[in-house]
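*Asks:*
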Amino acid sequence: MNINPLKISVYFIITLLILLGLLFLSNANDSKKEGFQVFSYTLKYPTAQSFFSEENNSKETKKSIDSIVNNIESIVVDVGDVVVDIDTIPKDSKENFKPIIPDFSKIDTSKVRRISYPSNKQEFISNLKSQLTSENCRIIHYGDSQLEGDRISGYLRNRLQQLYGGSGLGFIPVVQTYQQISVDITPSENWERFASFDPIKKKFDHKKYGAFTSLARFTPDYATDKESLDSLSVSTATIKIKPSSKSYRLLKAYSYVTLHYGNLLTSVGVDVYSDGALIKKDSLIKDGKYHQLKLKFGTTPNDLNIVFKGKISPDVYGITLDGTSGIQLDNVAMRGSSGTIFASANSENFSAMYKTLDPKVLIFQYGGNTVPYLKDSLSVTNYARYLKNHINWVKRKTNNASVIFIGPSDMTTMENGEMKTYDLLPYLNIVLESTCHENNIAYWSMFDAMGGENSMQHWVDQKLAGSDYTHFTHSGTKVISELFFMALYMDLKSN
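Numbering-wise, the sequence shown is residues 447 to 941 according to this note's numbering.
(1) Taking only three categories from DSSP, how would you classify LEU462?
(2) How close, in whole Å, do the beta carbons of ILE787 and THR659 come, if the pair is a contact with beta carbons under 8 Å?
(3) Please work out which residues of its chain come closer than 8 Å, Cβ to Cβ, to HIS883, disregarding the five sequence neighbours upstream and downstream, and give them in chain order.
(4) Ignoring anything shorter than 4 residues or poking outside the stretch 788-815, list the alpha helix (DSSP H) runs there in chain order.
(5) Could you round the C-beta distance between GLY772 and GLY912 to whole angstroms and report it? I think they count as a contact, below 8 Å.
(6) Over what stretch of residues does the beta strand (DSSP E) that includes LYS552 continue unbroken?
(7) What first and last residue would you give for the alpha helix (DSSP H) that runs through ASN862?
(8) Taking GLY922 as part of the alpha helix (DSSP H), name the residues at either end of that continuous run.
(9) Label MET780 either buried or exposed according to how many other C-beta atoms from any shown protein chain fall within 10 Å of its C-beta, with 16 as the threshold for buried.
(10) Could you give the first and the last residue of the continuous alpha helix (DSSP H) run that contains SER848?
(11) Per DSSP, which one or two residues make a beta bridge with HIS737?
(12) Out of SER591, ILE547, GLU569, ASP937, which has the shortest C-alpha to C-alpha gap to GLY813?
(13) Mind checking who ALA911 pairs with in its DSSP beta bridge?
(14) Buried or exposed for THR745, going by 16 or more other Cβ atoms inside 10 Å?
(15) Can you tell me where the beta strand (DSSP E) with ASN777 in it begins and where it stops?
(16) So PHE617 and GLY708 are in contact, right, with Cβ under 8 Å, and what is the actual spacing, rounded?
(17) Measuring only the C-alpha atoms, how far is GLN942 from LEU874?
(18) In whole angstroms, what is the alpha-carbon distance linking THR704 and GLN568?
(19) Okay, do the stretch 748-763 and the stretch 648-664 touch, 3+ Cβ pairs below 8 Å being the bar?
(20) My output table needs one value for PRO633: the three-state DSSP class, helix, strand or coil.
(21) Hey, would you say ALA895 sits closer than 9 Å to LEU938, going by beta carbons?
(22) I'd like to know whether the C-beta atoms of THR684 and ILE752 end up nearer to each other than 9 Å.
(23) May I ask you to report which of helix, strand or coil DSSP gives PHE754?
(24) Rounded to the nearest angstrom, what separates ILE574 and ILE850 at their Cα positions?
(25) If I follow the unbroken beta strand (DSSP E) through HIS836, where does it start and stop?
(26) Are the CB atoms of VAL523 and LYS909 nearer to each other than 9 Å?
(27) Residue range of the beta strand (DSSP E) that PHE570 falls in?
(28) Ordered along the chain, which non-local residues of its own chain (more than five positions away) have a Cβ less than 7 Å from that of LEU803?
(29) Candidates ILE837, TYR719, ASN886: which alpha carbon is nearest ILE586's?
(30) What is the residue span of the alpha helix (DSSP H) that LYS672 lies within?
(31) For LEU408, count the other beta carbons within 10 Å of its own beta carbon; 16 or more makes it buried, fewer makes it exposed. Which is it?
(32) Quick check: what's the CA-CA separation for GLY922 versus PRO633?
(33) Evaluate LYS698 with the Cβ neighbour count: other Cβ atoms within 10 Å of its Cβ, from every protein chain shown; 16 or more gives buried, anything less gives exposed.
(34) Going by Cα to Cα distance, which pick from ILE454, PHE550, ILE459, LEU463 is closest to LEU934?
(35) I think ILE926 touches MET902, with their Cβ atoms under 8 Å apart; what is that distance to the nearest whole Å?
(36) Tell me whether the beta-carbon of LEU730 lies closer than 9 Å to the beta-carbon of VAL718.
Here it is as structure tokens:
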């Protein structure tokens with residue numbers, strides 16, 4: 447068989463020219479369908495515009511994102527960094543506290559996406575600064591799975607505690623559904639978790655899930671009549687708590703361990719052991735209302751064991767590990783949630799817990815779970831309006847707390863063989879920002895902070911985001927957290 451190299455070369459050249467010519471005949475039927483229409487079907491084929499512009503757009507995006515990330519990498523604080531000596535933490539007040547002031551002298555701050563504010567910007571920032579610098583400032587950071595494992599919250603907490611004082615890591619749920627890097631908590635196997643945002647488990651009719659939107663029990667919710675109680679045996683459950691070896695130093699130091707519970711109508715005893723020694727023996731209050739059991743320590747306990755004994759478990763809303771003063775920041779990660787579950791909670795129960803916690807700042811971080819399901823601009827505005835109602839419901843439970851909303855990150859989907867930003871995500875970002883400002887809520891666009899449209903692909907390529915094109919890696923979490931902290935700090939400093 448004779449093979450003519452020249453004929454083969456000509457054949458390939460002609461084929462390539464035909465394929466190239468088809469680029470100019472292909473039509474963009476809509477943003478997701480480039481190609482040729484054959485009856486009711488579309489034969490996908492790129493247009494000349496998308497084919498030739500793709501590489502240039504990709505290079506510009508990469509250059510922009512590299513500029514954002516490289517600009518701040520030198521100041522990102524790692525877990526292993528020696529940022530403070532625990533022994534120097536004031537035990538009773540912020541009187542002798544020496545703040546660690548961030549040095550941004552080598553940073554091009556013009557590349558940092560700033561927080562946008564309602565029309566009363568200066569008043570908002572002044573009030574926020576007053577709250578953060580007060581003797582005690584509790585911040586509750588609500589969000590979706592981007593917060594799991596204390597991500598973002600842990601970094602921000604450490605930075606703010608360095609700046610304004612405070613120690614401890616705040617709220618931890620009894621039952622962990624994800625790896626918790628900031629503390630080692632081990633519940634006995636008979637604890638079961640129930641969450642108001644869990645789409646699978648049946649919800650409790652009482653709707654009392656507390657301010658942290660979930661609870662844990664070591665027995666089913668049995669009837670409390672005498673006949674039923676007599677038939678039950680006493681159950682024992684434990685919660686063991688140790689400081690984590692992987693956490694920031696300030697987060698490992700706490701003076702108060704507080705158990706938050708409620709919905710208890712029968713006797714439950716509690717024994718608390720520290721390093722094997724019994725330090726407290728008590729009974730929980732059984733009037734059905736929200737209460738807390740607060741333990742104070744001179745130094746952080748190395749090995750704490752809380753033992754419960756009773757026939758019917760209370761609803762345990764979680765445990766908070768706090769310092770004596772300064773910043774306390776709670777991480778409330780709600781996997782799968784879009785932030786639209788708050789107003790369905792029991793108002794009296796939620797309010798009682800908020801009255802005790804007294805949060806001065808609320809941070810909400812939602813939107814990502816809604817993005818894939820948005821169909822048109824109307825669905826965007828409806829979601830923003832619905833979300834606003836839930837945030838305002840929570841806000842009314844506070845004593846004039848400042849509220850900051852962190853918008854969704856860039857999220858991508860496969861489009862014409864490329865990972866592209868969801869069509870309605872940029873519009874959602876705009877609508878959320880506008881809605882927040884109308885309701886006296888500050889807004890930080892994580893989408894723009896990352897680099898904007900189609901930036902997620904480069905974050906994935908640089909190992910800053912995971913292969914799901916949604917969640918940040920450990921390295922990416924530190925970068926995005928520092929970007930938010932910088933934006934916040936620059937506004938507080940200028941006020």
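Here a beta-carbon is modelled for each residue, glycine too, at the ideal position from N, C-alpha and C.
*Replies:* Let me spell this out:
(1) In the structure shown, LEU462 sits in a helix (DSSP, three-state: H, G or I).
(2) Contact between ILE787 and THR659 is confirmed by a C-beta separation of about 7 Å, below the 8 Å threshold.
(3) Excluding sequence neighbours, HIS883 sits near SER562, TYR563, PRO564, SER565, TYR889.
(4) Every alpha helix (DSSP H) of 4 residues or more that sits fully in the stretch 788-815 is shown, in chain order, as 793-803.
(5) Separation of the CB atoms of GLY772 and GLY912 is rounded to 33 Å, and the pair is thereby denied contact status at 8 Å.
(6) Per DSSP, LYS552 belongs to no beta strand (DSSP E) and is neither H nor E.
(7) Where ASN862 is concerned, there is no enclosing alpha helix (DSSP H), given that its DSSP letter is neither H nor E.
(8) Element bounds for GLY922: 920-940.
(9) Taking a 10 Å sphere around the C-beta of MET780, we find 16 or more other C-beta atoms and assign the residue as buried.
(10) Under the DSSP assignment, SER848 falls outside any alpha helix (DSSP H), being part of the beta strand (DSSP E) whose first and last residues are 848-852.
(11) In DSSP, HIS737 forms a bridge with TYR707.
(12) If we check each option's Cα against that of GLY813, SER591 comes out closest.
(13) Paired residues: PHE918.
(14) With a threshold of 16 other beta carbon atoms within 10 Å, THR745 falls short and is exposed.
(15) From DSSP, the beta strand (DSSP E) with ASN777 extends over 772-779.
(16) So it is not a contact: roughly 15 Å between Cβ atoms.
(17) Given that the chain is displayed from residue 447 to residue 941, the structure contains no residue 942 and the question cannot be resolved.
(18) C-alpha separation (whole angstroms): 36 Å.
(19) Because the criterion of three Cβ pairs below 8 Å is met, the stretch 748-763 and the stretch 648-664 touch.
(20) PRO633 falls in the strand class under three-state DSSP.
(21) At a Cβ-Cβ threshold of 9 Å, ALA895 and LEU938 do not count as neighbours.
(22) Yes. Within cutoff.
(23) DSSP, read as helix, strand or coil, puts PHE754 in strand.
(24) What sits at residue 574 in the sequence shown is Leu, not Ile. For LEU574 and ILE850, the distance between alpha carbons rounds to 10 Å.
(25) No beta strand (DSSP E) holds HIS836; the alpha helix (DSSP H) holding it covers 823-841.
(26) No, these two residues do not count as a Cβ contact at 9 Å.
(27) DSSP places PHE570 outside any beta strand (DSSP E); the residue lies instead in the alpha helix (DSSP H), whose first and last residues are 567-578.
(28) Once the five neighbours on either side are set aside, the close Cβ partners of LEU803 are ARG584, ALA657.
(29) Scanning ILE837, TYR719, ASN886 for the CA closest to the CA of ILE586 turns up ILE837.
(30) Where LYS672 is concerned, the enclosing alpha helix (DSSP H) stretches over 672-676.
(31) Residue 408 falls outside the range modelled here, since the chain spans only 447 to 941, and no answer is possible.
(32) In a straight line, the C-alpha of GLY922 is about 30 Å away from that of PRO633.
(33) LYS698 is buried by the Cβ-count criterion.
(34) Out of ILE454, PHE550, ILE459, LEU463, the CA that lies nearest to the CA of LEU934 is found in PHE550.
(35) Between MET902 and ILE926 the Cβ distance is about 12 Å, and since that is not below 8 Å, they are no contact.
(36) Note that the C-beta distance between LEU730 and VAL718 is not below 9 Å.
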